[in-house]
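Remarks on the structure that follows.
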Amino acid sequence: MRPSADQNLLAAVDRLIAESDARSRENLAWLKAQMDSYFFITMKEESEAVHALAVGLKTLAQNQRLTVADRAKTLILARLNRPGSLYDTLRTLQERDISYAEFTHSKGAVPGLSQGLEVQRFDFDRKEHSEIADAPPPEIPAELRAGIEEALKARYPLFDLAQLDALLRLLWLNNEQYVRISPPNRVAQILWVFQEGNRQGGIFLDVEETDDMGLDSETRVLFAVGNPPQNDFLLQTMEVFNRLGFGVQRAYCLTISNGVHPYFLGTFYVRKRPDAPLLSKGSELFDRLQMELYNTQILSTASRTYREFVTSRVMNGEEASLVNAFIAFCHTNLAHHHPDPYGYEDVMLAFHSHPDIALQLAKLFRIRFQPGLSLREEFYRKTLEETVRFVESYNTGHRYIDDLRRAIFRCAITFIRNTLKTNFYVREKHALAFRLDPAYLGELAPEFTADLPPELPFRITFFFGRYGSGYHIGFSDIARGGWRTIITRNRDEYVTSASTLFREVYVLAHTQHLKNKDIYEGGSKMVVVLDAARLEARDLSTQRLYKLQFGFINAFLDIFVTENGQACDPRVVDYYGEDEPIELGPDENMHDVMIEMIARQSLKRGYLLGIGLISSKRVGINHKEYGVTSTGVMQFAETAMQQLGIDIRRDRFSVKFTGGPSGDVAGNALRIMLERSPEACIKLILDGSGAIFDPEGMDHGELSRIVLKHDLDAFDPARLHPGGFILYRNERRTDGLRELFKRAVSTGAGVQEQWVTTDQFHREFGNLLFSVPTDLFIPGGGRPETIDAENWPRFFREDGTPTTRAIVEGANSFITPEARTQMQRRGIVIMRDASANKCGVISSSYEIIANLMLSEEEFLAHKERYVGDVLTILERRARDEAELIFRRHREAGGSFIYTEISDAISHEINGHYARLFSFFQRNPELCDEPVFQSAILAHLPAMLREPQYQGRLERLPAKCRYAILAAEIASSLVYRGDQEADFKEMIKGHLLRNFARPEALTRPVTAAPYIQ
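Each residue of the sequence shown is one higher than the one before, counting from 14 in this note's numbering.
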């Protein structure tokens, strides 16, 4: 650069500095006059940022933004107030965890410009949940606390002051600076919103008048959400305000941790249009705002329905959520047997290509379920006919596509017609629930149900949320079964799991029904699929898991909390009209914290089973702690091995497991085996963390060290015999582009470390299950249908002899029915899941009985005794069935395979149960007769048969008493009944009633129950 140019530039800069000094003071005065007073409170410790804003205000005429602070945990931007300016910024921050966001607009235009000023502040200082949960109580200045308490008393008299310290501590631990610099009124306001969010089930909206209610006045909108959607939630919230015509003048948004998950606490100052009605509680405008803001918990911004139809205002947010639910239901019902033509993208495209049909279906749904609709039946009938004609006349000239899409739209109509109740119009929902009449399956073409068990369920309930969907299927009025959540890590996993979801839950529920033959509850299962794509951090995945489970259980309670049969919530139009006692149990990805939450919510919301809605809680019988499922598995294993001439308590035998030593079923089976079977040669264990093989059997002492405490990769490879090895799934390294897995091999000289490729790892891991020969195989974990029609022959050597003599299924549906049949026909003894692992659900049933008959204090005081009584029942129930299976096998001369006998026993007991349950419902007075009371007491643990508890049978809901009678009589008829003697007694009874006395010939004949 030439010297003259240097001088010119420096002179220009020097002149600007001189001018800016005066202009900065003018700009600072303008800021003081034009910005809300609270702006200077929140910026109290940001003097350099305010100085930079005053100095650089003029540059906004040429630049899109002015960055006045950009630190690791703080970003402060100044922009001109133009449409989309805030959205532009938020889009760039979607991947960052915002702990505090503040947006402030100036009252007037920036000097020399036509637009006002918008200041955007973002803090990124989220605390870890464990940091909040484990933090000691902070010392909060007494004067500060007193001021906040006074403000609460004055402004929010309904605030529960008993919670003040706990809530204030949480706020302080998350953002001490906010509490220190904010006026007491502002902190009181946030604490009120926080408490109301908790009270209202995790979501709350309120509006307040501000001090100035003139023509250009602002309205304060308070919004709280527990565990809000991640990343773009604030952007979606702002889009709602914009779509409804609200101008957000200022906003102050905190995202804190409550020690378990995040909590959003937002304050928005909005300005209405001059011609718009007042935003007040109860107004139509407030209702629309509440509906759209609450719906953000269900409607994903990633969905095409949102992007294509909501932002373009073809649909509102609630309609879009319903259409997304239609898509999920149709996909999961049609794809399990036909995954290619009815894939997720195909079903979604059918709705997105024809928003007119989607909206017509939404209209039909609204007329069927919107509360308070007059002339509903007439409008519904006409709209149904109109919708059917619309779908049946669908014709684009492409026959193949037209046929597929008509099937999809017919499925949606079937869904609407057969839904008996839904929480869709419950405003404060976090997910949707639809209780269906299972008869809808008969309306689908047979090709869509050909792969399902032939028995029709008693109920089907469909759940839909922002990040997943699922089903609860029950095969009896009173039903119980576990809740499993499948976590998928990418889009392909999610779509694949969703495609087979309906069949999986149907088969599992059916299997559970066969398993539940010994208890008063029929079988059910709940399985949901969670989309956790792009969530690498474990805590983010857990937050999303908890959000889904919280939403689904509250949706469940929305429709199943009843009074005199009808849904308690008037916003639920109930076409079913009966109480439904449904019991859940923990399964895959159900953590203790959520078990306790479900129990609390059930009690709080008045479900007829109270905390008995779910088992394995603190006031319950933890399956893993007491090994209840494994108690039955090992009883079946012992009986099966006796039939092979092996006493597992004394003789040497070999065994292999799937499921790790830290798992419930496999871990406790290992524990019991290590305690009872000193000669057990445990050759192989496979679990999610890898595999251990030992040709001479693993060291019992080393196994005992890790059982129920660690995964198998904690086993010390130095304790293996020569030739043994451990494959580690989670210990990896890279070699160029190759990923390598660790393999530790025991040699005569010590442990040799090897590294194998991905192909080698999976080939060896997949082969071990079939190639390692053992007397006994206990599948104690693993995915359903691991052994199927394709791979079962690998259990047999070239000469046809099996590599395993007996299999006792501790895991559900580990072997497909076809594989079971073929393996038994070639000589393997199989004790199927519905028999072998039934004791877990039996234990849960007795936990619920305790919840209904004992107080929490009584149960905890006598827990060990009660659990001891239950374990005695479990061993008896397992032994009764195992011995009956082998007895019937002998009596039939081996003409029936073991699993056929197991199924026959289940169907026999369940058939008796169904008939008896129906009979007792029609004749309830019988339950009070001594002989029937004795049968009820016989079903109970010994402790509850004692005099001080016998009088509490009335605490059991009536349906439960009928069911207990039915279950006890039905199971005793099969396990201990003598068919010849029963038939003889039946004839005698018939003769005594009809022929023993002359007057009997003239007496009217009444139907009497009997069992053939």
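Every residue gets a Cβ at the ideal spot worked out from N, C-alpha and C, and that includes glycine.
Tell me, to the nearest whole angstrom, how far the beta carbon of Glu609 is from that of Lys637; I am working on the premise that it is less than 8 Å. About 15 Å; that fails the 8 Å criterion.
Return helix, strand or coil for Glu189, following the three-state DSSP convention. For Glu189, the secondary structure class from DSSP, reduced to helix, strand or coil, is helix.
Looking at the structure shown, is Lys528 part of a helix, part of a strand, or coil, going by DSSP? DSSP, reduced to helix, strand and coil, places Lys528 within a helical segment of the structure shown.
Assign His485 to one of two classes, buried (16 or more other C-beta atoms within 10 Å of its C-beta) or exposed (fewer than that). The residue is buried, with at least 16 neighbouring Cβ atoms inside 10 Å.
Using only the alpha-carbon positions, how far apart do Ala731 and Ala757 sit? Here the alpha carbon of Ala731 sits roughly 9 Å from the alpha carbon of Ala757.
Check whether the Cβ atoms of Ile145 and Asn187 lie closer than 9 Å to each other. Yes, these two residues count as a Cβ contact at 9 Å.
Spell out the partners DSSP gives Thr501 in its beta bridges. Answer is Asp544.
For Lys376 and Arg389, the rounded distance between their alpha carbons: Between Arg389 and Lys376, the C-alpha separation is close to 12 Å.
DSSP beta-bridge partners of Val283: Val283 is bridged to Thr232 and Val261.
Arg440 vs Tyr307 beta-carbon contact at 9 Å: A contact, by the Cβ cut-off of 9 Å.
Helix or strand or just coil, what does DSSP make of Ala196? In the sequence as presented, Ala is not what sits at residue 196; that position holds Pro. In the structure shown, Pro196 sits in coil (DSSP, three-state: anything other than H, G, I, E or B).
Thinking just about the alpha-carbon of each residue, which of Pro242, Tyr169 and Phe53 is nearest to the one in Ile194? Minimum Cα distance to Ile194 is reached at Phe53.
Taking the C-alpha atoms as reference points, what is the distance between Pro96 and Leu298? Counting only the Cα atoms, Leu298 lies some 22 Å from Pro96.
Measuring CB atoms only, is the segment 339-346 touching the segment 506-522, in the sense that at least three cross pairs come out at less than 8 Å? Result yes; three or more Cβ-Cβ pairs closer than 8 Å.
Based on Cα-Cα distance, which residue from Asn503, Phe135, Asn567 and Thr509 lies nearest to Leu548? The shortest C-alpha separation from Leu548 is found at Asn503.
For Ser537, tell me which candidate among Ala546, Asp531 and Leu527 has the shortest Cα-Cα distance. In terms of Cα proximity to Ser537, the closest of Ala546, Asp531 and Leu527 is Leu527.
With 16 other Cβ atoms within 10 Å as the buried cut-off, status of Ser60: Flag for Ser60 reads exposed.
According to DSSP, simplified to helix, strand and coil, what is Ser482? In the three-state reduction of the DSSP assignment, Ser482 falls in the strand class.
From this set, His734, Ile739, Glu752 and Phe754, which residue's C-alpha is nearest Ala762's C-alpha? When the alpha-carbon of Ala762 is set against those of His734, Ile739, Glu752 and Phe754, the nearest one is in His734.
Beta-carbon within less than 6 Å of Pro197's beta-carbon, same chain only, minus the 5 sequence neighbours each way: which residues are those? A distance below 6 Å between beta-carbons, with the five flanking residues on each side excluded, links Pro197 to the following residues of its chain, in chain order: Gly160, Ile161 and Ala164.
Report all residues from its chain with a CB closer than 6 Å to the CB of Met711; omit the five preceding and five following residues, and keep chain order. Cβ within range, chain order: Ile695.
Cβ pair Phe281, Leu267 closer than 9 Å: No, these two residues do not count as a Cβ contact at 9 Å.
How would you call Asp416, buried or exposed, if buried means at least 16 neighbouring beta carbons within 10 angstroms? So Asp416 ends up on the exposed side.
Note down the Cα distance separating Leu130 from Gly69, rounded to an integer number of angstroms. In this structure, the straight-line span from the alpha carbon of Leu130 to that of Gly69 is close to 12 Å.
Would you mind sorting Phe1008 into buried or exposed? The rule is 16 or more other CB atoms within 10 Å of its CB. With fewer than 16 other Cβ atoms within 10 Å, it is exposed.
Through-space distance from Pro960 to Leu683, alpha-carbon basis: Distance between the alpha carbons of Leu683 and Pro960: 39 Å.
So Phe488 packs on Ala446, CB below 8 Å; how close in whole Å? Ala446 and Phe488 do not touch by the CB rule: their CB atoms are close to 19 Å apart, not below 8 Å.
Is the beta carbon of Asp600 closer than 9 Å to that of Arg497? In this structure, Asp600 lies closer than 9 Å to Arg497 by Cβ.
Buried or exposed: Val944, going by 16 or more other Cβ atoms within 10 Å of its Cβ? So Val944 counts as exposed.
Whether Ile89 touches Ala62 by CB criterion (9 Å): Cβ atoms of Ile89 and Ala62: closer than 9 Å.
Inspect the beta-carbon positions of His925 and Ile914 and report whether they are closer than 9 Å. No, they are not a contact pair.
Just mark Asp27 as buried or exposed, buried being the case when its beta carbon has 16 or more other beta carbons within 10 Å. Around the beta-carbon of Asp27, fewer than 16 other beta-carbon atoms lie within 10 Å, marking it exposed.
Among Phe378, Leu725, Phe471 and Glu871, which has the Cα closest to the Cα of Arg430? Considering only alpha carbons, the answer is Phe378.
Confirm, please, whether the CB-CB distance from Val720 to Gly680 is below 9 Å. It is a contact, given that the beta carbons lie within the stated cut-off.
Counting pairs of beta carbons, one from the segment 831-843 and one from the segment 954-972, are three or more of them closer than 8 Å? Counting Cβ pairs under 8 Å, fewer than three are found: no touch.
DSSP state of Thr1019 mapped onto helix, strand, coil: In this prediction, Thr1019 scores a pLDDT of 46, lower than 50, which makes its location untrustworthy; the coordinate-derived value is nonetheless stated afterwards. Look at Thr1019 here: in three-state DSSP terms it is coil, with no helix or strand label.
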